[in-house]
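Notes for the one structure printed next.
There are 4 protein chains.
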Amino acid sequence: MQRPDERKRQLIVECASKLFASLPFHKVTLDDIAAKAGVGKGTLYVYFPSKEELFSAIVREGFGQIVDQLKRRLAGPGVSPAEGLRHVVAELFRFAFAHPEYFELMRTAPGLVYKDDPRWREKFAELTRLIADTIAAGVRAGEFNDPFPELTAVCIPGLVRSAMLFGPRNLDEKTAVKHVMGILAQGLIVRGGEANVPAVDSQPGA
Amino acid sequence: MQRPDERKRQLIVECASKLFASLPFHKVTLDDIAAKAGVGKGTLYVYFPSKEELFSAIVREGFGQIVDQLKRRLAGPGVSPAEGLRHVVAELFRFAFAHPEYFELMRTAPGLVYKDDPRWREKFAELTRLIADTIAAGVRAGEFNDPFPELTAVCIPGLVRSAMLFGPRNLDEKTAVKHVMGILAQGLIVRGGEANVPAVDSQPGA
Amino acid sequence: MQRPDERKRQLIVECASKLFASLPFHKVTLDDIAAKAGVGKGTLYVYFPSKEELFSAIVREGFGQIVDQLKRRLAGPGVSPAEGLRHVVAELFRFAFAHPEYFELMRTAPGLVYKDDPRWREKFAELTRLIADTIAAGVRAGEFNDPFPELTAVCIPGLVRSAMLFGPRNLDEKTAVKHVMGILAQGLIVRGGEANVPAVDSQPGA
Amino acid sequence: MQRPDERKRQLIVECASKLFASLPFHKVTLDDIAAKAGVGKGTLYVYFPSKEELFSAIVREGFGQIVDQLKRRLAGPGVSPAEGLRHVVAELFRFAFAHPEYFELMRTAPGLVYKDDPRWREKFAELTRLIADTIAAGVRAGEFNDPFPELTAVCIPGLVRSAMLFGPRNLDEKTAVKHVMGILAQGLIVRGGEANVPAVDSQPGA
DNA sequence: TATGAATGAGGATTCATTCAT
DNA sequence: TATGAATGAATCCTCATTCAT
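Protein chains in written order, with the working numbering: chain L, 5 to 210; chain W, 5 to 210; chain U, 5 to 210; chain X, 5 to 210.
In structure tokens, the structure reads:
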């Protein structure tokens, strides 16, 4: 007796991810995906009930990875709010650079496919909750100043997204993290004659 | 492209915008658009050579409006870098709140439709150039600290996008501008015991 | 401006009827129908919303013709019950011989396609009502003896169907009508040594 | 065909019969049948070489039962023509009431599946021959009057079919047999002021 | 024998585009 | 210019059948 094969499922997800990242949803055909994965077209339907569900699953699972990893990072004892914020940004970029097609893929997405999917909303809410909680903890500790952590929380993945999609081609992970952390931590305005450039610069590797 | 009737063209653009904002590109049919606009399906082809071009034109014209308006705002004499930055954020949100479907529409877009369109790239480059120049001027004036203005420039529309798409439903324009300006200006970290909320509040019109 | 073309619709119905009569429903493809009718495949969808609806429409319209014609025949003044019964049988066979594919087509039908269609049920009910009323009138007039006219009414089309589908290939309309009328009128059993063949023959036009 | 497990084969036939009776052939999937029978899909192919063959076998075996049973009934010594006719009708209804899905199943059949199957034609021919012979014997004996027994023979199962498929829902076997016998024996026309209801009632066991 | 994962040919349906009016 | 009937290429999905286990 044969069992559904998790390996094969993963293979399909990976091949489909690449295709969805390089072409808009409606230009990726199931024939393409099956061919790229080296499986029969019908096999796709053994693992996913429809093209939209396949796409949705990819997006959801990506989010799930980010959330799980971030949870682990933030769970450590004695993670300060500033460290927490850095973990958030660093994890988002780690994932983004590990899966360079991912944001591209979401950009080409047929919006409602995922935005209206309650399972995706849940994952997304979980991510922003993690971020908002980190910020709120900082605010309570007197380390952060943020009148609206929930709004900031949704903005941070947006910063990452923009940097990945529209930033310079040769942007490297370290620079990206440092830059976004610079914006979030000090902002742009030079304070009291004391430029915050040093502050940014003081971050090793900047 | 002939435009025998600019009114009708505009009507088509508006109806199509709403539909593209509420459904992914491939789920919006020309029948839908024609019906919503109350014109014959063939008429669409009088004004736009294809569905993709229609979509592209909508996106491009939106960008064009932002860029034109922003240019005007920034062109004034004696606009300080801080004022310039505020103009950027304010104009992005002004447009976003005036055309609430716009970011939604771009989110549902079939990526390559616009990303690979040189006319769109040009508009986008123009927008980020305006922003980067504003920041760079601030840096030169010693008012801003930003080692990578081009990267920041692409991030700012991303902040606006995230706030619009994923921020709280009842977010109002003034709060949005103030919050994003707060992040960009001071960042989140409390400096010398002085919270940055007052600083934000002190900004006129915020 | 072009108008939907009733001629074209009729053409499609006729071509589809022949195909449905010669092959089971699931073996008739829309390509076949379009090719036979000499129209584009998409054109079929201008006139019928689906393959099942096309089939259904064919069946329904056939029934409609029978019912309409029969109504006209029975409406005449002074139609005696015996004449009415003859009209029923004659009309059923007239239609069957005029559209020899019709019963075959219904035989190949995907049962539920029409049996569960309320529009077909209505037509069918109308037909059996006409027949049952004719018989009931005969019973009231003392000319017929039938304890269960509604049951007889559904049986009569069944007789016609069987004769058409399974009777001898060279069966002609006149013989068919006479034979079925013979069964309905006298039954098979010889009464009082007097054969019923003469009785049948004595019916004018038989 | 091997039949390693006659029980399992019978189980498949029964489950498939019910499904074919409730849905048109092309809407019944082998998955459905396998699931309903609680066997693997591949197992179906151990017992039947194809879906059409499975269907065909069901129809053929049903006919076979009718024919075998009828042969036995008619084979008895001293069966009069009138008794023979009654046996025919009674046996057809007995089977129909014992297998209420059967006529429904044949109605949903993809015509050619069985009509062109020589094995089915043979069974059907055998059935109609039995009936025709019974009638012909009656004619020879001077008890029946029928100029065309072969045509009548194919009509009789049609009467039964119609009564089962389109007759009243609460039709019971006894009434059905009596009614059809009434039609076949006396017809509808009142003869010499003597109603045929008594005649029908007078038939024993009706 | 029994299974069900894998397959891919096949087909219904959609819809952007064309063009006669 | 404006229309919408007509088109057929394109594609998602189904499902009978196969075959490795």
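Just so you know, even glycine gets a beta-carbon here, dropped at the ideal spot from N, CA and C.
- By the Cβ neighbour-count rule, U/A79 is exposed, with fewer than 16 other Cβ atoms within 10 Å of its own.
- Note on geometry: alpha-carbon atoms of W/L58 and W/V17 lie some 8 Å from one another.
- Its chain contains no residue whose beta carbon lies nearer than 6 Å to that of L/Q14 once the 5 sequence neighbours on both sides are disregarded.
- Contact of L/G146 with chain W by beta-carbon distance below 8 Å involves V194.
- Within 8 Å of the CB of X/T156, the CB atoms of chain U belong to H183, I187 and L192, in sequence order along the chain.
- For X/A129, no Cβ of chain U is located within less than 7 Å of the residue's own Cβ.
- Relative to X/C19, the option among X/P122, X/H30, X/L48 and X/D9 whose CA is nearest is X/L48.
- Rounded to whole angstroms, the gap between the alpha carbons of X/L96 and U/G46 is 47 Å.
- Under the three-state reduction of DSSP output, U/F97 falls in the helix class.
- Counting only Cβ-Cβ distances below 9 Å, W/I139 has contacts in chain L at L192, in chain order.
- The beta-carbon of W/S54 is placed no less than 7 Å from the nearest beta-carbon of chain L.
- Here W/F148 carries a strand assignment [DSSP, helix/strand/coil].
- A straight-line Cα-Cα distance of about 14 Å links L/V71 and L/G88.
- For W/T179, the uninterrupted alpha helix (DSSP H) run begins and ends at E177 to Q190, by DSSP.
- L/A136 is positioned such that its CB atom lies no closer than 7 Å to that of L/E147.
- For W/V158, the enclosing alpha helix (DSSP H) begins and ends at P153 to F170.
- Within the model, the alpha-carbon separation for U/I160 versus L/P53 is close to 48 Å.
- Taking a Cβ-Cβ threshold of 9 Å, none of the residues of chain U is close to X/G66; the smallest such distance is about 16 Å.
- No Cβ-Cβ contact shorter than 7 Å links X/L74 with X/L23.
- Under DSSP, W/I193 forms a beta bridge with L/F148.
- X/S54 carries a coil assignment under DSSP once its states are collapsed to helix, strand and coil.
- The beta carbon of L/V158 lies closer than 7 Å to those of T132 in the same chain, with the five residues before and after it left out.
- For U/A100, no CB of chain X lies under 7 Å from its own CB, so it is not counted at the interface with that chain.
- W/R11 has its alpha-carbon roughly 20 Å from the corresponding atom of W/D35.
- DSSP places U/P122 within a helical segment (H, G or I) once states are collapsed to three.
- Per the C-alpha coordinates, the member of W/M168, W/S21 and W/A189 positioned closest to W/I139 is W/A189.
- Judged by beta-carbon spacing, U/S60 lies within the 7 Å limit of U/D121, meaning their Cβ atoms are closer than that value.
- Between the beta-carbon of L/V93 and that of L/M168 there is about 12 Å, and that puts the pair past the 8 Å contact cut.
- The C-beta distance from L/N149 to W/V194 rounds to 5 Å, short enough to fall under 8 Å.
- Within chain L, the residues placing a beta-carbon under 7 Å from that of W/R165 are G162, ordered along the chain.
- Contact of U/G82 with chain X is not assigned, every C-beta pair being separated by 7 Å or more.
- With fewer than 16 other Cβ atoms inside 10 Å of its own Cβ, U/P8 counts as exposed.
- When the Cα atoms are used, U/F67 and U/K127 turn out to be separated by approximately 6 Å.
- With respect to chain W, the C-beta atom of L/G171 has a partner C-beta closer than 7 Å.
- Pairing X/T33 with X/F107, the inter-Cα distance amounts to about 20 Å.
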